[in-house]
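So the protein lines, in turn, are chains R and U. Mind the numbering: the first sequence is residues 1 to 210 in our numbering, read in order. Mind the numbering: the second sequence is residues 211 to 420 in our numbering, read in order. For every residue, glycine included, the Cβ atom is placed at its ideal position computed from N, Cα and C. Small disclaimer: the values here were computed from a predicted structure and weren't measured. Here is the structure we will look at.
2 protein chains.
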Amino acid sequence: MRADAQRNAEKLRAAAAELFHERGLQVPLKEIARRAGVSHGTLYNLFGTREALIDEVVTDHAARRLEEVAQQALSIEDAWAGFAHYVEKICELQATDPAVADVVSGRYPGAERLMTACDRTRDAAQRILGRAREAGALRPDFTDADLVFAFAANALLARSTGEAAPNAWRRQAAFLLDGLRTEAARAQPPATQPTEQQVHDALKDLGDTT
Amino acid sequence: MRADAQRNAEKLRAAAAELFHERGLQVPLKEIARRAGVSHGTLYNLFGTREALIDEVVTDHAARRLEEVAQQALSIEDAWAGFAHYVEKICELQATDPAVADVVSGRYPGAERLMTACDRTRDAAQRILGRAREAGALRPDFTDADLVFAFAANALLARSTGEAAPNAWRRQAAFLLDGLRTEAARAQPPATQPTEQQVHDALKDLGDTT
DNA sequence: AGAAAACCTGACCCTCTGGTCAACTTAATT
DNA sequence: AATTAAGTTGACCAGAGGGTCAGGTTTTCT
Chain R
1 MRADAQRNAE KLRAAAAELF HERGLQVPLK EIARRAGVSH GTLYNLFGTR EALIDEVVTD
61 HAARRLEEVA QQALSIEDAW AGFAHYVEKI CELQATDPAV ADVVSGRYPG AERLMTACDR
121 TRDAAQRILG RAREAGALRP DFTDADLVFA FAANALLARS TGEAAPNAWR RQAAFLLDGL
181 RTEAARAQPP ATQPTEQQVH DALKDLGDTT
Chain U
211 MRADAQRNAE KLRAAAAELF HERGLQVPLK EIARRAGVSH GTLYNLFGTR EALIDEVVTD
271 HAARRLEEVA QQALSIEDAW AGFAHYVEKI CELQATDPAV ADVVSGRYPG AERLMTACDR
331 TRDAAQRILG RAREAGALRP DFTDADLVFA FAANALLARS TGEAAPNAWR RQAAFLLDGL
391 RTEAARAQPP ATQPTEQQVH DALKDLGDTT
């Protein structure tokens with residue numbers, strides 16, 4: 001790769017990182033090129049697709065963040081506290097960083113490395129959840145899929161209301177958490193066993209308003 | 211108004227009603243015209259703006275639905291049961307009918323009659339909420355604004371996952387409800403006193419994914 | 001330095017959306 | 001039936017976004 005190409009790639013990566021984290025994984029590619037001070041043609045030359053760019057720029061960062069939170073959660077003795085911490089922190093990550101929110105929700109299936117990271121996260125979540133459930137703290141009818149959807153809802157809410165009502169999602173998360181304790185369980189949610197595939201499908205169009 | 215214009219207006223109203231209820235208030239106007247079998251120019255002639263069309267086609271229906279649910283809720287003796295019923299039914303309405311979801315979330319401030327209906331709904335909600343709170347069933351830190359945001363989150367989730375995971379929103383709503391009982395309150399949500407205006411602002415861009 | 005390969009640019013194509021309007025068509029009126 | 005007012009149409013404008021590529025520029029290599 002020629003030296004100038006290298007430089008441009010770097011500029012593009014930087015701009016992409018900024019914009020992805022500011023506004024999510026769907027920012028217009030042309031805008032990224034604009035911010036990088038480079039023609040959008042160059043962006044296509046160097047990265048080809050949005051997914052490739054995402055993989056280079058977002059994946060590692062997001063994976064690290066998510067991993068950290070999972071570790072923290074698992075390192076807390078109390079199973080419930082660990083679970084609650086996990087939920088809160090993930091929600092916060094999503095609110096803080098739209099790119100991570102998109103990752104958590106499993107959008108952009110094209111980005112391979114990203115999807116791998118995403119799966120790892122789901123595994124971690126499963127462990128944290130299982131632990132809390134087995135400890136009798138988490139209501140037993142709360143499934144892995146439910147957690148994924150809870151995060152999805154949080155991501156959507158945080159993105160929509162983050163500016164004007166910065167605490168809205170936090171409060172919703174707190175109320176929900178209180179409803180997830182075993183002692184709180186009263187209503188019985190309608191049964192479901194969505195396959196992973198279904199969960200996946202359900203999420204990949206998250207936020208397509210139409 | 212000429213007879214043919216009358217007919218066209220009718221066709222447009224019908225098409226608009228269908229599409230709004232199928233896909234929400236942001237369907238392309240050209241698509242409505244297409245379904246009505248009429249040039250989009252005619253749509254602009256007869257209605258001028260999207261808001262006007264909404265007001266003619268959606269407002270009454272939505273207002274009636276919402277009103278019904280509120281009445282039902284208030285007619286239930288038990289304050290908590292009434293509140294729970296209200297939440298469930300509104301969520302269901304939102305999931306069933308994207309147009310209503312948009313109304314509940316207070317989008318489309320341009321549509322005057324709609325906004326009036328929307329305000330009435332909020333008043334009803336306030337009564338239902340107040341009653342449950344005073345009865346000691348609803349946790350006292352759950353505010354009117356929280357309910358609005360809960361509905362917003364539900365609308366977003368239902369819209370995104372409705373096809374692939376038809377029960378997801380229902381389950382989330384059930385968990386949340388369990389967290390709203392006074393007995394369930396453990397966590398203390400971060401304080402907020404958003405003004406009506408802020409709530410309004412927070413919602414009007416709901417679902418703008420970018 | 002000169003040639004060859006690599007790379008960059010921006011004009012161009014596409015689609016989709018909102019929106020306007022001159023020219024044509026049709027209903028109503030006399 | 002002729003006139004006129006009302007109404008309709010579709011081409012057209014603008015802007016956003018995705019994506020391609022011929023042709024001009026740079027780097028690199030010999």
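Asked	Found
Minimum Cβ-Cβ distance from U/T402 to chain R less than 7 Å	yes
U/R391 - partner residues in DSSP beta bridges	U/L348
Any C-beta of chain R under 7 Å from that of U/W327	Note on residue identity: the sequence assigns Ala, not Trp, to residue 327 of chain U. Not one chain R Cβ lies under 7 Å of U/A327.
Min CB distance R/L138 to chain U below 7 Å	no
Burial state of U/T326, where buried means 16 or more other Cβ atoms lie within 10 Å	exposed
Rounded Cβ spacing between R/Y86 and R/A73 (contact assumed at less than 8 Å)	4 Å
C-alpha gap between U/A294 and R/T96, whole angstroms	32 Å
Whole-number beta carbon distance between R/R107 and R/D55, since they are thought to touch under 8 Å	The Cβ separation is near 13 Å, so there is no contact.
Selected residue, minimal CA-CA separation from R/P166, among U/R349, U/T405 and U/A378	U/T405
Three-way DSSP call (helix, strand, coil) for R/P98 in this model	helix
U/L357 vs U/L390 beta-carbon contact at 7 Å	no
Residues that R/P109 contacts on chain U, provided the C-beta gap is smaller than 7 Å	Here the premise fails: no neighbours, minimum Cβ distance about 14 Å.
Expected contact under 8 Å - CB spacing of R/L53 and R/A16 to nearest Å	5 Å
Outcome for U/D288 when other beta-carbon atoms lying within 10 angstroms are tallied against a minimum of 16	exposed
Cβ neighbour criterion (16 or more within 10 Å) applied to U/G234	buried
Cα-Cα separation, U/R332 to R/A33	45 Å
Residue-level contact to chain U via CB, R/P98, 7 Å cutoff	no
Closer than 7 Å to chain R by CB, U/L386	yes
Proximity to U/R380 [Cα-Cα], best of R/L157, R/F175 and R/P189	R/P189
Closer than 9 Å at the beta carbon, the chain U residues around R/G179	A384, F385, L386, L387, D388, G389, L390, R391 and A394
Close-in-space but distant-in-sequence residues of the same chain around R/L157 (CB under 6 Å, 5 per side omitted)	W169
U/S285 in three-state terms, based on DSSP	helix
Minimum Cβ-Cβ distance from R/F20 to chain U less than 7 Å	no
Residue range of the alpha helix (DSSP H) that includes U/N364	D354 to T371
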